[in-house]
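Notes follow the structure.
Protein chains: 2
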Amino acid sequence: MTDENKTPDKFTIINELARRRGFFWQSYEIYGGVSGFVTYGFLGFKLKQSIEKKLRQLFVNKFGILEIESPIIAPSKVFEASGHVGHFKEPMVECLKCKRRFRADHLLQEFAEISPSEAEKLSLEEVETAIDEHKIRCPECEGTFGEPKYFLTMFKTTIGPYSEAVGYGRPEAAQGIFVEFRRLYEMVREKLPFGVMQIGHALRNEISPRQGLIRLREFTIIDLEFFFNPEESNCFPLKDVENETLPLVLAEKKLRGLEEIVEVTVKKALEKGYIKAEWQAVFMLLAKKLLVALGVPAEKQRFIEKLPWEKAHYALQSFDQEVYVERWGWVEVSGHAYRTDYDLKSHMQFSGVDMRVFKEHEKPVERMQTAVKPLMTKLGPAFKKKAAKVAEMLSEADPGEVEAHFKKNGYYTLEEYKVLPEHVEITRQKVKERGKRFIPHVVEPSFGSDRLVYVALEYAYRVKDGRAILSFPRDIAPIQAGVYPLVSKDGLPEKALQVYKTLIDEGFTVEYDEAGSIGRRYARADEIGVPLGITVDYETLKDNTVTIRDRDSWRQVRSQIKNLPELLHKYFRWKADFKDLGKPFEV
Amino acid sequence: MTDENKTPDKFTIINELARRRGFFWQSYEIYGGVSGFVTYGFLGFKLKQSIEKKLRQLFVNKFGILEIESPIIAPSKVFEASGHVGHFKEPMVECLKCKRRFRADHLLQEFAEISPSEAEKLSLEEVETAIDEHKIRCPECEGTFGEPKYFLTMFKTTIGPYSEAVGYGRPEAAQGIFVEFRRLYEMVREKLPFGVMQIGHALRNEISPRQGLIRLREFTIIDLEFFFNPEESNCFPLKDVENETLPLVLAEKKLRGLEEIVEVTVKKALEKGYIKAEWQAVFMLLAKKLLVALGVPAEKQRFIEKLPWEKAHYALQSFDQEVYVERWGWVEVSGHAYRTDYDLKSHMQFSGVDMRVFKEHEKPVERMQTAVKPLMTKLGPAFKKKAAKVAEMLSEADPGEVEAHFKKNGYYTLEEYKVLPEHVEITRQKVKERGKRFIPHVVEPSFGSDRLVYVALEYAYRVKDGRAILSFPRDIAPIQAGVYPLVSKDGLPEKALQVYKTLIDEGFTVEYDEAGSIGRRYARADEIGVPLGITVDYETLKDNTVTIRDRDSWRQVRSQIKNLPELLHKYFRWKADFKDLGKPFEV
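What follows is the structure in structure tokens.
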């Protein structure tokens, strides 16, 4: 994508570094590679794990959110109910000459300058017309295209070999939570609000993904479904965050062609109705904090509201959290959808299992109940042997509706039968209602782990004195410290290995390296973002002190070996700064 | 499976408890459930996570083993090379009447008392004969069976929608490591030995799995591939464990019908050749320790060697680590296979990518190299226009072989051409060999996380005073402590919530419970295995002390709130016992 003579962009640099140092690379390279699949090496796996840990710290532990694990494969029924079988599809065209397939919306974007958001509105016929009008030909062979068709972007399989039971790889982890709602609700002893999260692989069978970690066929999703009573305002964390701000791009502005960011407090966003659910606003703010913790400054983030035709089929309101990256501009890293009762309601309809919860009133509510009582002595003569049938239908009719029809027309029609006021007795009585049943509403923050990994890498990347450094925030760095003997002789390696083992036993992620000059080892460590370098030198053999080097400033301090575990624990929990780790030391 | 009047067995009890308290349950219950799929609720997820953490402590951190993450879906080629497409299959029969399908080996076991190990030896024809001979009919409808067929127990899909690129769900995580060997070897800077582990979902499309966590279609596998040079003895941890013992059931004894366990030291097992690779013996010992740490005593474990026809297609030698469980007797929890160079060699053949590593000799080795040089002046007259072809074939022939034939027969045959000694010149020269290329060997410990969860539950289960307690080892308990106000009034809940929050902030997994009598809350906590119960009572308001209750002994001690974090950290790191947590306290 980049010119040979141009400086490669950050995407290229990050991918090259990631491959060379083993953060991640395209899977199955020895078989030519398969696009949309990546393998994380040790460093990438650790980075991803640290990011997920950070998210758990911010989102899960504090709010008592439950983490669960459900399967990746689900029976067809689940995704019929969720609407994915009906909606999770994209328009595709096939070249009549070379038979290659392309996503029609991508072609329209590239060759007709129709934005993805515009393209999403088009029907298949309109897509075909647009392709014809713009004379779009196959980018590979100049052939013409056949009729556009929809393809389902789920991986399909069968459950049980040679069976006809269709199953799909899940495109989101959310359904594994919704279908188990009854059990989960029991687990929290039937109290709202509560949240359930799951982190796991998900699958989307894209036609030809080509954007590294940004668009994958198999990726890690983090779905958090938060269940609450929409009629109750009990968003307890709101007061702690209501004066912090969110950078919003609102749909109404987008419709007028303006993509400007408005910086509003959580409080104002709710008051003005920019964000429709309190919990959603809170989670959006936490998402902003998460990205800051991963190294993406607030001013490189925005929350863009989806237009009606851009939203997923289940969402009442939806914001994408986007981060600015060099190659593509704004890229989504999380979605914040107000799914209302859409999913639970659909599963209730498809399964016949009651998904409603019972909410007791503080005290029973009294209300008048109207009842329509069929008078058999009148119905008998009027409807003969159909009387019993009419009586049964009447008992199932809505009494209010019956009364209204009597008032308006003087009769009420049930199939071909005309019921008159004298056929029934209308009674009224006071009833006590103990509580009511309703389907909880859901707001969902949903993150793509792989995209978080990518933006953390891009924002960590910098160059100092012509050398690459990954300046990760200290608590997400894949390796926390390197231990180095200054030279590999005179007992220094043995001493360094002791230090290394002590730190491993204390639970730190540490690497030991004795190959090459100390400068080269520091450079290697900087390139993979190791925050601290601990060097054992000849002084160490005399007084048991070591130097500690800071990855970013390249400054050094000197400390006692025996104090290292405590100092490092404090440093990585942000309870000490680098300068607190020892006495300044000049090389 | 159990009689109505009989006490339910532990499998039944554990499954009921697991479902009721939210450890795990069959997935998709609202759609009738799908066998072979489970969902882990919060407690089960935490338990599984603790078990995996324990395994990392024992296996990964100490040996510098690298953890990676690769996709679940792989292109067909990967599993053709690995031999799974050819070998990963089971015999199946279909009832001609009701069309239900059964695994033939399971029928033979149930109705013909042919053991699984015997059944594995049978060809399809022999399976058919055995079914006929034992007059086995459909267990559901008494119908007769059609011809046995093999079915592939992998989930099949296509990569790319409407594409013909077949992909499979991985039945093991190992291949995701082997195919990336070259990159991984670079990551460790080209040094042997090294190990790579991955924990992730795997898929096996069983016909009708019916054993809860023991046999799943989607499960979590932990595959550790350890690469080493088979000609070098550098198993550094061996000396630390060589005098510890392993309970082995050897294949040669099994062949003679004896399933006796021999308890031998690691050292003796290697000396006697019971275990063929040093690293394998070390990992087997670690696996034994892991299970002890999960609560399964050594005497309830054994390592049973697989017979030649029971072994996976890739294994030179293979042991199953088995744990005794109440319902099924011995059940596999891990496999220890010496995969040799099987996988890397296959991928080298299928991909054409060199999987060999280069090992430099300590000093270059001199050896004599024989060469056969065709003499064109002699070949020309002898073979006319075929001379060039003969010369070419000669240059590709093994010089040693040519020489040997000359010596034995006086000539060497190449296709129809008879080459005589005078046609060539045989030269000898000294060459220096810098090192050699070879494919590393692999030993693989492979665990099923779900089975580890099950055996941990079964071994934790006990009954005291008629109440169920899960006596998990303290460091694998899903919840570490419960915090309870003695009564929910007079400011006790507020005080208890402070204690709760302090412990959460310190990183503990804690639950807060104020519902019901304190006795009932203790009982609820015991049933899910919470090791410590911390109760805030009226004394607390006076002197800031709380009681701490031990799950297993039900004894209590009293401690200062401010000391709790440190005391608990020590307790959960096994650096303090319960009695060290405070002053004895009688209720």
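Protein sequences appear in the order of chains A and B.
Residue 21 is where the first sequence starts when you use my numbering, and the numbers rise one by one after that.
Residue 21 is where the second sequence starts when you use my numbering, and the numbers rise one by one after that.
Ideal placement from N, C-alpha and C gives every residue a C-beta, glycine not left out.
Because the structure is a prediction, the values reported are computed rather than measured.
Under 9 angstroms from the C-beta of residue i: neighbouring residues of chain A
{"i": "F65 (chain B)", "result": "L86, E87, I88, E89, Q218"}
{"i": "I608 (chain B)", "result": "The structure shown has nothing for residue 608 (chain B), since chain B only spans 21 to 607."}
Pick from the options that is closest to residue i, judged by C-alpha positions
{"i": "D597 (chain A)", "options": "A:F378, A:H104, A:E252, A:D570", "result": "A:D570"}
{"i": "K509 (chain B)", "options": "B:V556, B:A476, B:D495", "result": "B:V556"}
{"i": "E280 (chain B)", "options": "B:L290, B:A289, B:V269", "result": "B:V269"}
{"i": "I489 (chain A)", "options": "A:Y205, A:Y481, A:I496", "result": "A:Y481"}
{"i": "T59 (chain B)", "options": "B:P465, B:A301, B:V473, B:R276", "result": "B:V473"}
{"i": "T567 (chain B)", "options": "B:E435, B:F198, B:K603", "result": "B:K603"}
{"i": "Q231 (chain B)", "options": "B:E416, B:K562, B:V444, B:V54", "result": "B:V54"}
{"i": "P213 (chain A)", "options": "A:E531, A:E252, A:L310", "result": "A:E252"}
{"i": "F99 (chain A)", "options": "A:L63, A:L278, A:E192, A:R120", "result": "A:E192"}
{"i": "S183 (chain A)", "options": "B:F248, B:M112, B:W348, B:R190", "result": "B:M112"}
{"i": "T390 (chain B)", "options": "B:G420, B:H367, B:S415", "result": "B:G420"}
{"i": "G293 (chain B)", "options": "B:R541, B:V316, B:E325, B:S469", "result": "B:E325"}
{"i": "R40 (chain A)", "options": "A:D470, A:G553, A:R544, A:K582", "result": "A:R544"}
{"i": "F79 (chain A)", "options": "A:R540, A:A307, A:F165, A:I227", "result": "A:A307"}
{"i": "G455 (chain B)", "options": "B:D485, B:V385, B:G52", "result": "B:V385"}
Contact set between residue i and chain B, taken where Cβ atoms lie within less than 7 angstroms
{"i": "P95 (chain A)", "result": "Y48, Y51, V54"}
Contacts that residue i makes with chain B (C-beta to C-beta distance below 9 angstroms)
{"i": "E200 (chain A)", "result": "W45, S47, Y48, E49, I50, T59, G61"}
{"i": "G163 (chain A)", "result": "None at all; the shortest Cβ gap to chain B is about 18 angstroms."}
Where residue i falls: helix, strand or coil (DSSP)
{"i": "S137 (chain B)", "result": "helix"}
{"i": "Y362 (chain B)", "result": "helix"}
{"i": "M375 (chain B)", "result": "coil"}
{"i": "R209 (chain A)", "result": "coil"}
{"i": "M396 (chain B)", "result": "helix"}
{"i": "A543 (chain A)", "result": "helix"}
{"i": "D563 (chain B)", "result": "helix"}
{"i": "E72 (chain A)", "result": "helix"}
{"i": "R448 (chain B)", "result": "strand"}
{"i": "Y431 (chain B)", "result": "coil"}
{"i": "V554 (chain A)", "result": "First, the residue type needs correcting, since residue 554 (chain A) is Ile and not Val in the sequence shown. Three-state result, I554 (chain A): strand."}
{"i": "R39 (chain A)", "result": "helix"}
{"i": "D243 (chain B)", "result": "strand"}
{"i": "A488 (chain B)", "result": "strand"}
{"i": "D597 (chain A)", "result": "coil"}
{"i": "M388 (chain B)", "result": "strand"}
{"i": "T164 (chain B)", "result": "coil"}
{"i": "E382 (chain A)", "result": "strand"}
{"i": "Q369 (chain A)", "result": "helix"}
{"i": "K456 (chain A)", "result": "strand"}
{"i": "R203 (chain A)", "result": "helix"}
{"i": "Y474 (chain B)", "result": "helix"}
{"i": "Y48 (chain B)", "result": "coil"}
Closer than 8 angstroms at the beta carbon, the chain B residues around residue i
{"i": "M452 (chain A)", "result": "For the record, residue 452 (chain A) in the displayed sequence is Lys; it is not Met. By Cβ distance, chain B contributes nothing, its closest Cβ being about 25 angstroms from K452 (chain A), past 8 angstroms."}
{"i": "E238 (chain A)", "result": "P91, I92, I93"}
{"i": "G42 (chain A)", "result": "R203, L204, E206, M207"}
Per-residue contacts from residue i into chain A (C-beta, under 8 angstroms)
{"i": "G196 (chain B)", "result": "S47, T59"}
{"i": "V98 (chain B)", "result": "Y48, Y51"}
{"i": "K176 (chain B)", "result": "T177, T178"}
query = Along the region 357–373 of chain B, what residues have a CB closer than 7 angstroms to any CB found in chain A?
reply = Going along the region 357–373 of chain B in chain order, one finds H367, S371, V373 with a Cβ nearer than 7 angstroms to chain A.
task = Identify every run of the alpha helix (DSSP H) within the region 270–331 of chain A, keeping only runs that are complete inside it and at least 4 residues long; order them along the chain.
result = Counting only runs of at least 4 residues, the region 270–331 of chain A fully encloses the following alpha helix (DSSP H) elements, listed from N- to C-terminal order: 271–275, 286–291, 298–313.
ask   = Of all the residues that make up the region 242–275 of chain A, which are near chain B by a beta-carbon distance shorter than 8 angstroms?
value = Correct list: empty, as no residue qualifies.
task = Could you run through the region 70–81 of chain A and flag, in chain order, every residue whose CB is less than 8 angstroms away from some CB of chain B?
result = N81
inquiry  = By the 7 angstroms beta-carbon criterion, what residues does the region 520–534 of chain B contribute toward chain A?
reply    = I524
query = Using a Cβ cut-off of 7 angstroms, which residues of the region 464–478 of chain A contact any Cβ in chain B, in chain order?
reply = Contact annotation: in the region 464–478 of chain A, no residue has its CB less than 7 angstroms from a CB in chain B.
query = Which residues, in order along the region 203–214 of chain A, keep a beta-carbon less than 8 angstroms from a beta-carbon of chain B?
reply = R203, L204, E206, M207, R209
task = Write down every uninterrupted run of the alpha helix (DSSP H) in the region 87–160 of chain B whose length is 4 residues or greater and which is fully enclosed by it, in chain order.
result = Within the region 87–160 of chain B, the alpha helix (DSSP H) runs of at least 4 residues that lie entirely inside it are, in chain order, 96–101, 104–107, 124–132, 136–139, 144–153.
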